[in-house]
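Visitor: To start, I am sharing the structure in question, which I have written as structure tokens.
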Amino acid sequence: MSPNLNLPMYMASTRVVGDPAAAIRAARCLCVALEVAAVDVSYVNPFVESVGSVFSTMLGVNPRRLAVRISSGTNGGGARLTSLIGISGRMHGCVALCFPPETALKLASKMLGTELTEINDEVLDAISELVNIVAGSAKAKFNADPPLQLGLPTVVEGVTYRVKYPSKSIWLEVPFSSDAGDFSMEVTYNPN
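Structure (structure tokens):
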């Protein structure tokens, strides 16, 4: 079991036997634990490390990684900006950085050296470049043959939207907190 999952062991509890809802919750927790355990962290860790190094070096922001979880690919109903980039080569998939508007504004302001107060093309370009830099930094950490190729970054903005990768891949969500605000990185991949 992953140490990042706060997975109560309902199965050993007598509460499950008499409570169908508890049994369903336990089954869902177990499924999530098995999905996370199936993810090869050697494909994810370079991206997590790159978020830390890029944000601290370039933006002066020290992100703190929170508990990793499986993402549904849905933005949760609040306004959000998602900057994503495709990956191909030894693996194919996608990495995305997801920001509430307030966090995106603070990070873009740090990146551009001027205070930005509204979501505009400058902010969208800044977070697009941020995912490009994080993915490029992670790419350098892989000794891939063939080498990894990065696509063009894309930004999705809205209140309700879904980002879905066209396969049975798992979206692994790595949330971060920082003094600039909360954000998350989501990674999905299939090794070739």
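When the letters of the sequence shown are read in order and numbered with numbering that gives the first Met the number 0, they come out as residues 0 to 191.
From the three backbone atoms N, C-alpha and C, an ideal C-beta is built for every residue, glycine too.
Just verifying my parser: in three-state terms, what is the DSSP assignment at N142?
Guide: Coil at N142, not helix or strand.
Visitor: Below 8 angstroms CB to CB, which residues in the same chain sit around K105 once its five sequence neighbours on both sides are set aside?
Guide: Closer than 8 angstroms at the Cβ level, and outside the excluded window around K105, lie A179 and G180.
Visitor: With three or more C-beta pairs closer than 8 angstroms as the rule, is the region 139–156 touching the region 79–98?
Guide: The region 79–98 is in contact with the region 139–156.
Visitor: Might you give, ordered along the chain, the residues of its own chain that have their beta carbon closer than 7 angstroms to the beta carbon of I55, omitting 5 neighbours on each side?
Guide: The sequence given here places Ser at residue 55; Ile does not occur at that position. So the qualifying residues of the chain are N61.
Visitor: Run through DSSP, which three-state label would M10 get?
Guide: Below a pLDDT of 50, predicted positions are generally treated as unreliable, and M10, at 39, falls in that range; no measurement from the model is reported.
Visitor: Does any CB atom of chain D fall closer than 7 angstroms to the CB of H91?
Guide: You won't find chain D in this structure, because it holds only one protein chain.
Visitor: How long is the line joining the alpha carbons of G157 and T113, rounded to whole angstroms?
Guide: Between G157 and T113, the C-alpha separation is close to 24 angstroms.
Visitor: Quick one: Cα of N44 to Cα of R79, how far?
Guide: Approximately 24 angstroms, taken between the alpha carbons.
Visitor: Does DSSP put I169 in a helix, in a strand, or in coil?
Guide: Of the three classes helix, strand and coil, the one that applies to I169 here is coil, per DSSP.
Visitor: G51: which of S136, D39, E101 and N119 sits nearest, CA to CA?
Guide: Checking every option, the nearest Cα to that of G51 belongs to S136.
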